[in-house]
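To start, the structure under review is shown below, and the notes come after it.
Numbering (my numbering), first residue to last: 44 to 360.
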């Protein structure tokens, strides 16, 4: 489907994009439908439970759980940007998305990605202060500091996404409109433009790639410093601290692994690219909730209390 070039300010003749999807095999599509639907629902329920527990239990009203609740909220966004349409499109012969829908999907992917990067850095800083400067923890990680982190995260995400889209939203699209994927993102979107986009592709890749790789190494170095500090301490709480840190590091690796591959690998394999995209959209948000629940004794105890309270309310009603 095309439109008159004079109808839009961007002079684009493409009004929609066609996804090739994940596979043409009916059996694999059925398996993916069950798999993605199950994990999407589990991710939404698990992260909702974390948010509800962290906000409703007074024992968890601390900076660490404030940031964890916000991470769970972001993970729900990560799942919801691409997963529902992917699930909806699995059995459709013609998988399409409007031009504006594609731009919107790209916008939210990069907003949420930018927000999650800053929140993960804030969580690493929180653990650094708690372990390396325990006497000053409540002073440094004050409510004002937590809100500042949150504001900085959303501002970073919005600015990053807006800057990225500012360079591509007015590109001319005059013919090819097929994306060998199941969602819209900048690398494949730019390749469909009717002009030479080599420099633009490099700029976008360098921008997202630099942020991803730079943030990943900052976080890994930070956690190495924290772990070395913990090992120097022989206190009873060191094992608990190491358990918490291992959960944080696992989440960092799960988040940045696919991200770095997508934005820094020069010629990614299409099947592997799609697998990592599914992993990032469906599995990572679910695994984050599982990791933070099962590696955190306080969260497990609080969740049991919340579930018991909900069960008692149901019996009374």
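Even glycine gets a Cβ: it sits at the ideal position worked out from N, Cα and C.
Please read these numbers as outputs of a predicted model, since none were measured by experiment.
Three or more Cβ pairs closer than 8 Å define a contact, and the region 70–83 falls short of that threshold against the region 238–247.
Proximity to residue 83 across 130, 163, 223, 112 peaks at 130, based on C-alpha coordinates. Residue 106 is positioned such that its CB atom lies closer than 8 Å to that of residue 189. Cα atoms of residue 336 and residue 346: separation of roughly 9 Å, rounded to the nearest angstrom. Counting along the chain, the unbroken alpha helix (DSSP H) around residue 128 starts and ends at 106–132.
Residue pairing for residue 222: DSSP places it in a beta bridge opposite 62. If you draw a straight line from the Cα of residue 315 to the Cα of residue 225, it comes to about 13 Å.
Inclusion of residue 290 and residue 338 in the CB contact set at 8 Å is warranted, their separation being smaller than that value. Counting C-beta atoms within 10 angstroms of its own C-beta, residue 222 has 16 or more neighbours from the protein chains shown and is therefore classed as buried. When C-beta atoms of the region 255–264 are compared with those of the region 285–302, three or more pairs fall below 8 Å, so the two segments count as touching.
Residue 68 sits in coil when the DSSP states are folded into three classes, being neither helix nor strand. The beta carbon of residue 145 lies closer than 6 Å to those of 60, 227 in the same chain, with the five residues before and after it left out. When the alpha-carbon of residue 165 is set against those of 151, 132, 111, the nearest one is in 111. Within the same chain, Cβ atoms closer than 7 Å to the Cβ of residue 204 are found at 150, 153, 154, 157, the five residues on either side in sequence being excluded. Counting other Cβ atoms within 10 Å of its Cβ, residue 133 reaches 16 or more and is therefore classed as buried.
Inclusion of residue 255 and residue 306 in the CB contact set at 8 Å is warranted, their separation being smaller than that value.
Each of 233, 64, 348 was checked against the Cα of residue 125, and the nearest Cα belongs to 64.
Within the DSSP secondary-structure output, residue 140 pairs in a beta bridge with 60.
By the Cβ-count criterion, residue 247 is buried, with 16 or more other Cβ atoms from all chains shown falling within 10 Å of its own Cβ. Residue 183: member of the alpha helix (DSSP H) spanning 180–183, first to last residue. Rounded to the nearest whole angstrom, the CA to CA distance from residue 93 to residue 332 is 7 Å. The alpha-carbon separation between residue 113 and residue 294 amounts to approximately 14 Å. Counting every other CB atom within 10 Å of its CB across the protein chains shown gives residue 62 a total of 16 or more, marking it as buried.
Counting along the chain, residue 197 sits inside the alpha helix (DSSP H) bounded by residues 186–209. Between the alpha carbons of residue 108 and residue 342 lies a distance of about 9 Å. Residue environment for residue 317: buried (at least 16 other C-beta atoms within 10 angstroms of its C-beta).
For residue 267, the enclosing alpha helix (DSSP H) covers residues 241–275. Rounded to the nearest whole angstrom, the C-alpha separation of residue 201 and residue 322 is 24 Å.
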